[in-house]
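In the working numbering, the protein residues as written are 1392 to 1843.
What follows is a short report on a single structure.
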Amino acid sequence: MPVARIARFLVAASALFTAGPAPGAPREPATPRHAERDSASFAKPSLPRGTHAFAFAPFADALRLVAEGRRVFRHDTFGDEVFWGDSLRLHEALAQTSPRAALALGLKVDADALPRKLAAALRAGRVDLDDPATTLALLRLDAVVGVTGFFDAAGRIVSAGTQCALCHSTVDDSLAPGVGHRLDGWANRDLDVGRIIAAAPDLSAFERLLGVDAAAVRAVLEGWGPGKFDASLLLDGKTQRPDGGPAAVLIPPAFGLAGVNLHTWTGWGGVAHWNALVANLEMGGQGTFVDHRLDDADRFPIAAREGFGEVRRTPDQVTSKLPALHLYQLSLRTPRPPRGSFDRDAAGRGQAVFEGNARCATCHVPPLYTEPGHNLHAPAEIGIDAFQAERSPTRAYRTAPLAGLWTHGKGGYYHDGRFPTLAAVIEHYDAFFGLGLSAEEKQDLVEFLKSL
Ligand code: HEC
Ligand code: HEC
1392 MPVARIARFL VAASALFTAG PAPGAPREPA TPRHAERDSA SFAKPSLPRG
1442 THAFAFAPFA DALRLVAEGR RVFRHDTFGD EVFWGDSLRL HEALAQTSPR
1492 AALALGLKVD ADALPRKLAA ALRAGRVDLD DPATTLALLR LDAVVGVTGF
1542 FDAAGRIVSA GTQCALCHST VDDSLAPGVG HRLDGWANRD LDVGRIIAAA
1592 PDLSAFERLL GVDAAAVRAV LEGWGPGKFD ASLLLDGKTQ RPDGGPAAVL
1642 IPPAFGLAGV NLHTWTGWGG VAHWNALVAN LEMGGQGTFV DHRLDDADRF
1692 PIAAREGFGE VRRTPDQVTS KLPALHLYQL SLRTPRPPRG SFDRDAAGRG
1742 QAVFEGNARC ATCHVPPLYT EPGHNLHAPA EIGIDAFQAE RSPTRAYRTA
1792 PLAGLWTHGK GGYYHDGRFP TLAAVIEHYD AFFGLGLSAE EKQDLVEFLK
1842 SL
């Protein structure tokens, strides 16, 4: 089949997947700018002349899976309303939260899910942002990124669930601050997950697992701060770092992960492992998860006691979605830094420092910026404490992939945000490795990191 015909087929196929929703399906936004760029890249396959149609099947399959994975990432709760709604009763708190307060907690609104009139009213500042009824209206439109409200026939909210998009998406603020086109894979560093959970009326699930009262649970959750979440809290029950700071870690981006071996700050596993862990153990999705490393009662007392090392819930609402979710995440490319956001000449010089005398590229191997292979390091190798590493089965830190750093500077760098700026990260390496970098070299390195 000639290339032009393949291209036409691909365009038609991708149009199929970005067209309107199936009846009853959650509403998909009209193609945002970023999706346009992505489907444009699908439309230019470089297949050799004379390739037969069957040879094209993997491309069509991949496209179908990516589309399905996007739906799962954005809209699927995996049945976790059992946890967020039925147990925590988070929907009752949402019903009393004004849109202004919700935006202040870092929740985002998908402008493409808004009817034209509402979008115009919002743009003109004619929407009442202090009325919780507006929040409910947004939930009814499935416009709150990563949160799904469930309503009864009388229109009352009866439950709520969350999605991956809650923490791993933001919006481009095109309509108003916090309201815009979705940016899937971006870490939502505005989101105060701890405060959102702490607002839920019933924290008995946390109280039981942690063995403390509701006030103590709220104090822990409210101590996390924006952009952070503690995925290990309900596994090991640790609430504080040895220095008294919160034990939570920064939400990492979920783009640019293709080719990267181990994921999470401490390398728990590959994307497929972590997706299953998060869906089942963190979000409360109803599925199957097996990881017997969690049976270690010394390191994971709560997980071992509760049998989190082997969870089998029926019907399984997670497992069948993992292939599409995995492929979708791998398909999310790292966004380029905006024009003019860094000094091009300095970045060029910084690259030479990065790959040369600063020796950064020995671990951060371009263009993955992590090690192709086993990408873990003992805490002492990078000169930091072992607290968070010791909470992971690996006892290590994963070499963070650096592409797209410019999207997640808020909250700082390293797993817990201990370095407020890129310059501070470089100072740390300079001192720890005794690099002896000059002030110019350090400045050039910063510009290079901003360019990734
Ligand atoms: C409540 C916020 C939250 C939700 C919801 C959430 N994540 Fe995460 N995610 C995090 C945090 C925090 C980490 C870092 C965990 C760590 O390193 O200990 C993370 C890490 C990851 C990583 C590793 C990225 C990397 O390279 O380090 C992937 C992949 C990921 N999440 C995918 C998902 C998927 C898929 C879902 C939905 C099934 C999901 N997450 C839901 C907060 C969240
Ligand atoms: C021995 C391997 C190693 C070397 C050498 C190394 N890094 Fe890292 N880097 C890591 C690891 C591991 C992490 C993750 C730390 C954590 O999770 O707290 C990291 C994290 C980072 C981060 C934070 C990323 C984020 O998302 O917060 C930046 C920035 C960074 N390194 C830049 C550099 C620069 C610049 C150099 C050279 C001066 C360098 N690294 C040298 C292993 C290395």
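Ideal Cβ placement from N, Cα and C applies to all residues, glycine included.
None of the values given here were measured: they were computed from a predicted structure.
Between which two residues does the alpha helix (DSSP H) harbouring residue i extend?
i: THR1525; result: 1523-1531
i: GLU1701; result: Unbroken run through GLU1701 is the beta strand (DSSP E), 1701-1703; no alpha helix (DSSP H).
i: VAL1816; result: 1813-1824
i: GLU1778; result: For clarity, residue 1778 is Phe in the given sequence; the question names Glu instead. It is not in any alpha helix (DSSP H) - PHE1778 carries neither H nor E in the DSSP assignment.
i: SER1722; result: 1713-1722
i: ALA1605; result: 1605-1614
i: GLU1762; result: No alpha helix (DSSP H) contains GLU1762, which DSSP labels as neither H nor E.
i: PRO1490; result: 1490-1495
i: VAL1744; result: 1735-1746
i: GLU1673; result: Taken as a continuous stretch (DSSP letters only), GLU1673 belongs to no alpha helix (DSSP H), as it is neither H nor E.
i: SER1595; result: 1595-1601
i: ASN1652; result: Per DSSP, ASN1652 belongs to no alpha helix (DSSP H) and is neither H nor E.
i: HIS1664; result: 1662-1668
i: ALA1484; result: 1481-1485
Between the C-alpha atoms of residue i and residue j, what's the straight-line distance to the nearest angstrom?
i: ALA1486; j: CYS1751; result: 49 Å
i: PRO1637; j: PRO1692; result: 19 Å
i: GLY1635; j: GLY1616; result: 14 Å
i: GLN1677; j: SER1595; result: 19 Å
i: ARG1684; j: PRO1784; result: 7 Å
i: VAL1549; j: PHE1699; result: 28 Å
i: HIS1559; j: GLY1660; result: 18 Å
i: GLY1540; j: GLY1802; result: 29 Å
i: GLY1535; j: LEU1498; result: Residue identity check: residue 1535 is Val in the sequence provided, not Gly. If you take the alpha carbons of VAL1535 and LEU1498, they lie about 7 Å apart.
i: LEU1880; j: LYS1712; result: Because residue 1880 is not part of the residues shown, which for the chain are 1392 to 1843, the question remains open.
i: PRO1420; j: ALA1502; result: With a pLDDT of 37 at PRO1420, under the threshold of 50, the modelled position of this residue cannot be trusted; read the value that follows with caution. Answer to the nearest angstrom: the Cα atoms are 8 Å apart.
i: GLY1476; j: GLY1537; result: 14 Å
i: TYR1805; j: PRO1706; result: 39 Å
i: LEU1836; j: PRO1644; result: 22 Å
i: LEU1843; j: ALA1787; result: 25 Å
i: PRO1726; j: LYS1833; result: 24 Å
i: ALA1589; j: ALA1512; result: 32 Å
i: LEU1601; j: ALA1815; result: 35 Å
i: PHE1810; j: PHE1464; result: 30 Å
i: ARG1690; j: ARG1547; result: 43 Å
i: PHE1823; j: ALA1794; result: 23 Å
i: LEU1828; j: ALA1743; result: 13 Å
i: ALA1528; j: LEU1496; result: 18 Å
i: TYR1553; j: GLY1800; result: The displayed chain sequence assigns Thr, not Tyr, to residue 1553. Approximately 25 Å, taken between the alpha carbons.
i: ALA1578; j: HIS1572; result: 15 Å
Considering only DSSP beta bridges, list what residue i is partnered with.
i: SER1565; result: According to DSSP, SER1565 bridges with nothing at all.
i: VAL1837; result: None, per the DSSP bridge assignment.
i: LEU1505; result: BP columns for LEU1505 are empty, so no partner.
i: TYR1788; result: HIS1768
i: VAL1681; result: GLU1701
i: PRO1637; result: GLN1631
i: SER1560; result: ASP1575
i: LYS1619; result: LEU1641
i: VAL1570; result: VAL1500 and ALA1567
i: TYR1804; result: PHE1810
i: VAL1473; result: Paired residue(s): none; VAL1473 is not in a bridge.
i: VAL1584; result: Paired residues: none, contrary to the question.
With a CB to CB cut of under 8 Å and the five nearest residues on each side skipped, what residues in its chain are close to residue i?
i: LEU1721; result: LEU1648, ALA1649 and VAL1662
i: ARG1730; result: none
i: LEU1826; result: ASN1748, ALA1749, ARG1750 and TYR1820
i: LYS1841; result: PRO1728, SER1732, PHE1733, ALA1738, LEU1796, TRP1797 and LEU1813
i: PRO1633; result: ASP1776 and PHE1778
Take residue i and list the residues in its own chain whose beta-carbon comes closer than 7 Å to its own, dropping the five residues that flank it on each side.
i: GLU1838; result: PHE1733, ASP1734, ALA1737, ALA1738 and GLY1741
i: LEU1532; result: ALA1504 and LEU1505
i: PRO1523; result: ALA1486, GLN1487, THR1488 and SER1489
i: ALA1453; result: LEU1718
i: GLN1779; result: VAL1640, TRP1656, THR1657, HIS1806 and ASP1807
i: GLU1781; result: none
Need the endpoints of the beta strand (DSSP E) that residue i sits in, please.
i: ARG1465; result: First-last for ARG1465: 1448-1466, but that is the alpha helix (DSSP H), not the beta strand (DSSP E).
i: VAL1549; result: 1548-1553
i: VAL1538; result: 1538-1542
Leaving out the 5 sequence neighbours to the left and right, which residues in its chain are closer than 6 Å to residue i when beta-carbon positions are compared?
i: LEU1494; result: GLY1569
i: GLY1614; result: PRO1637
i: ALA1830; result: none
i: GLY1460; result: ALA1715, LEU1716, LEU1718 and TYR1719
i: ASP1583; result: LEU1496, GLY1497 and PRO1617
i: ILE1817; result: LYS1833 and LEU1836
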